[in-house]
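Everything on this sheet refers to the single structure shown next.
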Amino acid sequence: MSSSHPAAAYSRAPGREIELDVATQDCQIHMGPQHPATHGVMRVLLKADGEVLSGAQTHLGYLHRSAEKIGEMVDWLQYLPYTDRYDYLCAMNNNLGYSLGVEKLLGLEAPERAQYLRVILSELNRIASHLFAVGTYGLDLGAFTPLFTALRDREIVLDLFERICGARLTYSFIRPGGLWNDAPEGWLEDVAAFLDLFEKRWHEYWTLVVENRIFIERTADVGVLSAEQAIDWGCSGPMLRGSGVDWDLRRDQPYQVYDRLEFEVVKGSGYRGSVGDCFDRTFVRMFEMTESIRIVRQCLEQMEPGPVHNPEVKSVIRPAPGSAYCGIENPRGELGHYLVSDGSKIAVRVRVRAPSFCNLSVAEHLMPGSMLGDAAAIIGSVDIVVGETDR
Amino acid sequence: MPGWLLTVWAAVVAMVVVFTFLTIMVMFSVWMERKVAGFIQHRVGPMRAGGFHGWAQSIADSIKLLFKEDLILIGADRKLFQIAPALVMATATAMFVVLPFAPGWQVADADLGVFLILALASVTTIGVIMAGWGSYNKWSVYGAMREAAQVASYEIPLALSLIPPILHYGTFSLATATEAQAGWGGMQWYVFSSAAPVAWLSFPLFFIAALAENKRAPFDLPEAESELVAGFHTEYTGIRFSFFFLEEYAAMFVMGAVGAALWFGGWNFPGIHLLEPGSALLQVLALFAFVAKAMALVFVMMWVRWTVPRLRIDQVMTLGYKYLTPLSMAVVLIAAFWEFGLHLIQD
Numbered sequence: 117m118s119s120s121h122p123a124a125a126y127s128r129a130p131g132r133e134i135e136l137d138v139a140t141q142d143c144q145i146h147m148g149p150q151h152p153a154t155h156g157v158m159r160v161l162l163k164a165d166g167e168v169l170s171g172a173q174t175h176l177g178y179l180h181r182s183a184e185k186i187g188e189m190v191d192w193l194q195y196l197p198y199t200d201r202y203d204y205l206c207a208m209n210n211n212l213g214y215s216l217g218v219e220k221l222l223g224l225e226a227p228e229r230a231q232y233l234r235v236i237l238s239e240l241n242r243i244a245s246h247l248f249a250v251g252t253y254g255l256d257l258g259a260f261t262p263l264f265t266a267l268r269d270r271e272i273v274l275d276l277f278e279r280i281c282g283a284r285l286t287y288s289f290i291r292p293g294g295l296w297n298d299a300p301e302g303w304l305e306d307v308a309a310f311l312d313l314f315e316k317r318w319h320e321y322w323t324l325v326v327e328n329r330i331f332i333e334r335t336a337d338v339g340v341l342s343a344e345q346a347i348d349w350g351c352s353g354p355m356l357r358g359s360g361v362d363w364d365l366r367r368d369q370p371y372q373v374y375d376r377l378e379f380e381v382v383k384g385s386g387y388r389g390s391v392g393d394c395f396d397r398t399f400v401r402m403f404e405m406t407e408s409i410r411i412v413r414q415c416l417e418q419m420e421p422g423p424v425h426n427p428e429v430k431s432v433i434r435p436a437p438g439s440a441y442c443g444i445e446n447p448r449g450e451l452g453h454y455l456v457s458d459g460s461k462i463a464v465r466v467r468v469r470a471p472s473f474c475n476l477s478v479a480e481h482l483m484p485g486s487m488l489g490d491a492a493a494i495i496g497s498v499d500i501v502v503g504e505t506d507r
Numbered sequence: 009m010p011g012w013l014l015t016v017w018a019a020v021v022a023m024v025v026v027f028t029f030l031t032i033m034v035m036f037s038v039w040m041e042r043k044v045a046g047f048i049q050h051r052v053g054p055m056r057a058g059g060f061h062g063w064a065q066s067i068a069d070s071i072k073l074l075f076k077e078d079l080i081l082i083g084a085d086r087k088l089f090q091i092a093p094a095l096v097m098a099t100a101t102a103m104f105v106v107l108p109f110a111p112g113w114q115v116a117d118a119d120l121g122v123f124l125i126l127a128l129a130s131v132t133t134i135g136v137i138m139a140g141w142g143s144y145n146k147w148s149v150y151g152a153m154r155e156a157a158q159v160a161s162y163e164i165p166l167a168l169s170l171i172p173p174i175l176h177y178g179t180f181s182l183a184t185a186t187e188a189q190a191g192w193g194g195m196q197w198y199v200f201s202s203a204a205p206v207a208w209l210s211f212p213l214f215f216i217a218a219l220a221e222n223k224r225a226p227f228d229l230p231e232a233e234s235e236l237v238a239g240f241h242t243e244y245t246g247i248r249f250s251f252f253f254l255e256e257y258a259a260m261f262v263m264g265a266v267g268a269a270l271w272f273g274g275w276n277f278p279g280i281h282l283l284e285p286g287s288a289l290l291q292v293l294a295l296f297a298f299v300a301k302a303m304a305l306v307f308v309m310m311w312v313r314w315t316v317p318r319l320r321i322d323q324v325m326t327l328g329y330k331y332l333t334p335l336s337m338a339v340v341l342i343a344a345f346w347e348f349g350l351h352l353i354q355d
């Protein structure tokens, strides 16, 4: 927390202690497990001295579904639907992360057209996910309209996904070896039309949400995460880049066709406050959406017809004994899969490095010293999906 | 008929009339709020109940609320918990007594009408604090404390921002102030009058302070949904909850009505001088004009609510104490000099 924070004046800094003739203690409040600002079933135990927070502790596990353990019980391909359910706002990216890990174990690659389609799908899902993040962040700060405006455009992406794979939330569409199917006729043209539409509407979000005076007041200089702290706590994604760290797996460890595409890594610059505050994280999400538009457009240009599934990947696969780690850039950060095979048709270990989990671990250290209203702002800016923190 | 019976009779009639109007108006406001929200959020709002654009949605909601179980927590302070909604409801209803709906259509033309409304609005705050304290819930206590903190920072600018029109018309009575705006064919409203610049300076201050007084966004901290769950009324169910709900919309209408009566000519409308004073047509049109102006201001409050995020409590206090209070004092000074200047010109 920067010393310029208004709450600093009220905090119990040394030298400001007031002698009281009554015993006082901090108020312990349970924020959650059912609470509008926890984005799911999560509990934050807040200690508050009036409106100023003196401590916070996050309690997880309410949504634990043993995803990793299930990975040791089902076939390699049967595990795919469980990946949809870590971070249900970007299931395409989860599918991609797992599929790349399995492909790495198998030592083969998906056909080129499948790789382009995978990038298109995961970038569209990034747009949908960031839209939802910005919309619900508005909700956390007390504005209802951004969410509905965001859902309007997210619906278009979901409709596109429904047309290509039949599902709107849990796709299981990107799978080891390629894709389930090629895009239907006219789908790619509709993607291009959506990009044109969304490019115009992006400015609505910018003016309604981000350039809103009250939004700036509520987020600038709140929950400041320094670059060192972000790296120390293993933050990734907009949380890390919001603190000014130039790190994006799509550029720094390119997978699929990202090395052929031109895009910029958006970083927080302290546009309205100090680097690494809640505003910068939203700023990064907003501009990542425009970069996603660029990426999808380039993919649409470069794509050529061809097969979308590698015939070497059958329905039952037995990767050679060994292990593989594959990390990809999810909307929320680095989603890592560490897969261990003993040569059988069932994995020995499926370890998931969930970005929300690592990002959330630092949130409780950002809260002390800020105000009760900031707790919602900080949790919202971390943009967790509880399905992913708990798995 | 003995005199006391007449008084009681008049009081009962007035109560029934006020309460009926208030209930209908609140139901309409709730429906309107949902439609406005839908319009702003690319939705349609309620469409089913009653057929035409869900006009019966509020009635259905009220019936549902009436039949909900009335819960009081074991640890709650039962007396405070039960009195709070009644107090809030009573003050909200009482504020309607001094509103001038049309020439002569006013339950009581109190000489200190504006003052009475301000006083009753403060009593509502006490009800809110009682509710939060009596609920046996930490979130509710936070809501109550925020309300207490907020009201202290906003009552002063609210009261001060009402002084310019009072200075201009030389009265605290809403009816007298409205009558004074009848000139120029019903268009000599305060905002168009010889003191128009002062009116346009003081009205924004009044409106912002009224938003805070009514606990409306961006000052809805006492109930701050995403922070305090539902703030002071978290533990309220059924009819008791609906009292708080009713109070919010009633208070919005009252603030809109005060704004309309003091700044926007009250019941006056263009062409009012052509109609015969006291005729039924004039009365109905005047009532319509007054309610329409008040609802227009209520609409702006809804518009604001569905557009902006919520401020933080320290920002609310900063705005109240550091900006609005000095600004409203400055506006009172400007108004005083302006009125002095007007008198010099007239003499």
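Residue numbers (our numbering), protein chains in the order written: chain R, 117 to 507; chain P, 9 to 355. Note that CB positions come from ideal geometry on N, CA and C, so glycine has one too.
TODO: Give the straight-line distance between the Cα atoms of F261 (chain P) and V306 (chain P), rounded to the nearest whole angstrom.
DONE: 6 Å
Open item on the list: Can you tell me whether V391 (chain R) sits near the ligand ADP, meaning its C-beta is under 7 Å from at least one heavy atom of the ligand?
Closed with: With respect to small molecules bound, the structure shown includes none, and the ligand ADP cannot be examined in it.
Task: Selected residue, minimal CA-CA separation from E167 (chain R), among R:G489, R:G496, R:I495, R:V429 - done: R:G489
Task: Boundaries (first-last residue) of the beta strand (DSSP E) holding S287 (chain P) - done: Neither: S287 (chain P) is in no beta strand (DSSP E) and is coded neither H nor E.
- [ ] Check the DSSP bridge columns for D275 (chain R) and list the partner residues they point to.
- [x] For D275 (chain R), which the question treats as bridged, DSSP gives no partner whatsoever.
Open item on the list: Quick check: is the beta carbon of T315 (chain P) nearer than 8 Å to any beta carbon in chain C?
Closed with: Considering every chain present, this structure includes no chain C. Its protein chains are R and P.
- [ ] Between the Cα of G246 (chain P) and those of P:L335, P:D78, P:R318, spot the shortest distance and give me the residue it belongs to.
- [x] P:D78
Open item on the list: Let me check one thing: in DSSP terms, what residues is S457 (chain R) bridge-paired to?
Closed with: R:G438
- [ ] Using a Cβ-Cβ cut-off of less than 8 Å, give me the residues of the segment 482–493 of chain R that come near chain P, in sequence order.
- [x] M487, L488, G489, D490, A491, A492
- [ ] Please classify S148 (chain P): is it buried, with 16 or more other beta-carbons within 10 angstroms of its beta-carbon, or exposed?
- [x] buried
Open item on the list: If I follow the unbroken beta strand (DSSP E) through Q114 (chain P), where does it start and stop?
Closed with: No beta strand (DSSP E) holds Q114 (chain P); DSSP gives it neither H nor E.
Task: Outcome for L74 (chain P) when other beta-carbon atoms lying within 10 angstroms are tallied against a minimum of 16 - done: exposed
TODO: Report the residue from R:G449, R:P197, R:Q414, R:I462 whose alpha carbon sits nearest the alpha carbon of A470 (chain R).
DONE: R:G449
Open item on the list: For the segment 237–259 of chain R, list every residue whose C-beta sits within 7 Å of some C-beta in chain P, in sequence order.
Closed with: G254, L255, D256, L257, G258, A259
Task: Per-residue burial, M487 (chain R) [other beta carbons within 10 Å of its own, 16 or more giving buried] - done: buried
Open item on the list: Please report the distance separating the alpha-carbon of A232 (chain P) from that of R318 (chain P).
Closed with: 8 Å
Task: Below-8 Å beta-carbon distance, C281 (chain R) vs any chain P residue - done: no
- [ ] Look at the Cβ atom of L224 (chain R), then the Cβ atom of E428 (chain R), and state whether they are nearer than 8 Å.
- [x] yes
- [ ] Could you run through the segment 144–162 of chain R and flag, in chain order, every residue whose CB is less than 7 Å away from some CB of chain P?
- [x] I145, H151, P152, A153
Open item on the list: For a quick check, are the C-beta atoms of F240 (chain P) and A139 (chain P) less than 8 Å apart?
Closed with: yes
Task: Where H180 (chain R) falls: helix, strand or coil (DSSP) - done: coil
TODO: Quick one: which residues of the segment 133–151 of chain P get their C-beta closer than 9 Å to a C-beta of chain R? List them in chain order.
DONE: K146, W147, V149, Y150
Task: Classification of T265 (chain R) by the beta-carbon crowding that lies within 10 angstroms, buried from 16 upward - done: buried
Task: Close Cβ partners of S342 (chain R) (< 7 Å) along its chain, the five nearest in sequence each way excluded - done: S359, G392
Task: A188 (chain P), DSSP secondary structure in three states - done: coil
TODO: Can you grab the Cα-Cα spacing for the pair F289 (chain R) / S238 (chain R), in whole Å?
DONE: 11 Å
Task: Beta-bridge pairing of G443 (chain R) - partner residues as DSSP gives them - done: R:G452
Open item on the list: In whole angstroms, give me the CA-to-CA distance for H281 (chain P) and A110 (chain P).
Closed with: 14 Å
Open item on the list: Tell me which residue opens and which closes the alpha helix (DSSP H) that M35 (chain P) is part of.
Closed with: 11–48
- [ ] With a threshold of 16 other CB atoms inside 10 Å of the CB of G438 (chain R), please say whether the residue is buried or exposed.
- [x] exposed
- [ ] May I ask you to list the residues that DSSP assigns as paired with V468 (chain R)?
- [x] R:H453
Task: Neighbourhood of E228 (chain R) by C-beta, 8 Å cutoff - its chain only, sequence neighbours within 5 removed - done: V373, E420, G422
- [ ] Determine, using beta-carbon pairs with one atom in the segment 174–193 of chain P and one in the segment 248–255 of chain P, whether at least three such pairs fall under 8 Å.
- [x] no
Task: Anticipated Cβ contact below 8 Å, E275 (chain P) with A294 (chain P), distance rounded - done: Note on residue identity: the sequence assigns Trp, not Glu, to residue 275 (chain P). Yes, W275 (chain P) and A294 (chain P) are in contact; Cβ-Cβ is about 4 Å, under 8 Å.
Task: 7 Å CB neighbourhood of S127 (chain R) in its chain, flanking five on each side removed - done: Low confidence applies here, because S127 (chain R) scores a pLDDT of 49, under 50, leaving its location unreliable; read the following figure in that light. The residues are V168, G485.
- [ ] Measure the C-alpha to C-alpha separation of S66 (chain P) and D306 (chain R) and round it to an integer number of angstroms.
- [x] 41 Å
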